[in-house]
Amino acid sequence: MKIVIIAGSTRAGASSTKAARYAAGLMQEQGHEVNMVDLHQHRLPIYCSDDAVQVPEVISLRQAVLEANAIVLSTPEYHGSISGALKNALDFLSAEQFDSKLVLSISSAGGAVGVNSLQHLQTIVRNVHGINCPEWISVGGAQREFGPDGAPASEGVQLRIHHAVKYFLELAQKLLKD
Numbered sequence: 001m002k003i004v005i006i007a008g009s010t011r012a013g014a015s016s017t018k019a020a021r022y023a024a025g026l027m028q029e030q031g032h033e034v035n036m037v038d039l040h041q042h043r044l045p046i047y048c049s050d051d052a053v054q055v056p057e058v059i060s061l062r063q064a065v066l067e068a069n070a071i072v073l074s075t076p077e078y079h080g081s082i083s084g085a086l087k088n089a090l091d092f093l094s095a096e097q098f099d100s101k102l103v104l105s106i107s108s109a110g111g112a113v114g115v116n117s118l119q120h121l122q123t124i125v126r127n128v129h130g131i132n133c134p135e136w137i138s139v140g141g142a143q144r145e146f147g148p149d150g151a152p153a154s155e156g157v158q159l160r161i162h163h164a165v166k167y168f169l170e171l172a173q174k175l176l177k178d
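Dropping the structure here:
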């Protein structure tokens, strides 16, 4: 299965990106093809018009999501919502790329959990005709620590990500068969 992950932080070493990379590793271990679009490295222009679709970074983003069977969106929670970089990236996408595809949401917040950003992502996914995975991943506060191997320092966070990824992959496979 082809999976695209859009990591929505523009900050180097962001915990939301680390959580996405850890999830990507679990998916790859199970034989899935993962394309990681890290918005820290894959800079996009500010969305303003259809003229921007000629920009190579926008073209590659659209193509990656179009070709994917399932999608993961990862964001830091800023002021109770998703990052501006992720929202900007999503503005370049539409139902053409998301229609009937399962989407797993990941959030990292300075507080206990990033529920607001996850709810905002679910609203956006519905509006582009994606299918929200009933599971989501939220890491917050001290749970945002990752070891040098890329694994969450907290065993509880590792288990949570393993569980959510397993559920996401199983559901995505079921949806592909239908």
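Counting along the sequence shown from 1, when you hit position 114 you're at 114 in full-length UniProt numbering, and nothing is skipped either side. Glycine included, each C-beta is placed from N, C-alpha and C at the ideal position.
The beta-carbon distance between V115 and S94, rounded to whole angstroms, is 26 Å. This is too long to meet the 8 Å contact definition. For L102, the uninterrupted beta strand (DSSP E) segment begins and ends at 102-109. For S83, the closest of S108, L102, D99 by C-alpha to C-alpha distance is S108. CA-to-CA, the gap between S81 and Q122 works out to about 11 Å. Of the residues assessed, H163 falls on the exposed side of the cut-off, its CB having fewer than 16 other CB atoms within 10 angstroms. In the three-state reduction of the DSSP assignment, N127 falls in the helix class, which pools H, G and I.
About 19 Å separates the beta carbon of A70 from that of L39, a gap too long to meet the 8 Å contact definition.
Here the C-alpha atom of V165 lies approximately 27 Å from the C-alpha atom of V58. Sequence-distant partners of M1 (beyond 5 residues in either direction) whose C-beta falls short of 8 Å from its own C-beta, in its chain, are H32, E33, N69, A70, L169, A172, Q173, L176. Proximity to G25 across E96, Q41, V4 peaks at V4, based on C-alpha coordinates. If the five residues before and after V72 are omitted, its C-beta is found closer than 6 Å to the C-beta atoms of I5, L104, all from its own chain and listed in chain order. Under the criterion of beta carbons closer than 8 Å, Y47 and D99 do not qualify as touching, at roughly 20 Å. One alpha carbon belongs to Q143, the other to A153, and they sit about 7 Å apart. Where A85 is concerned, the enclosing alpha helix (DSSP H) starts and stops at 84-91. Among the bridge pairs identified by DSSP, L73 is matched with I6, S105. A7 and E29 have their alpha carbons spaced roughly 19 Å apart.
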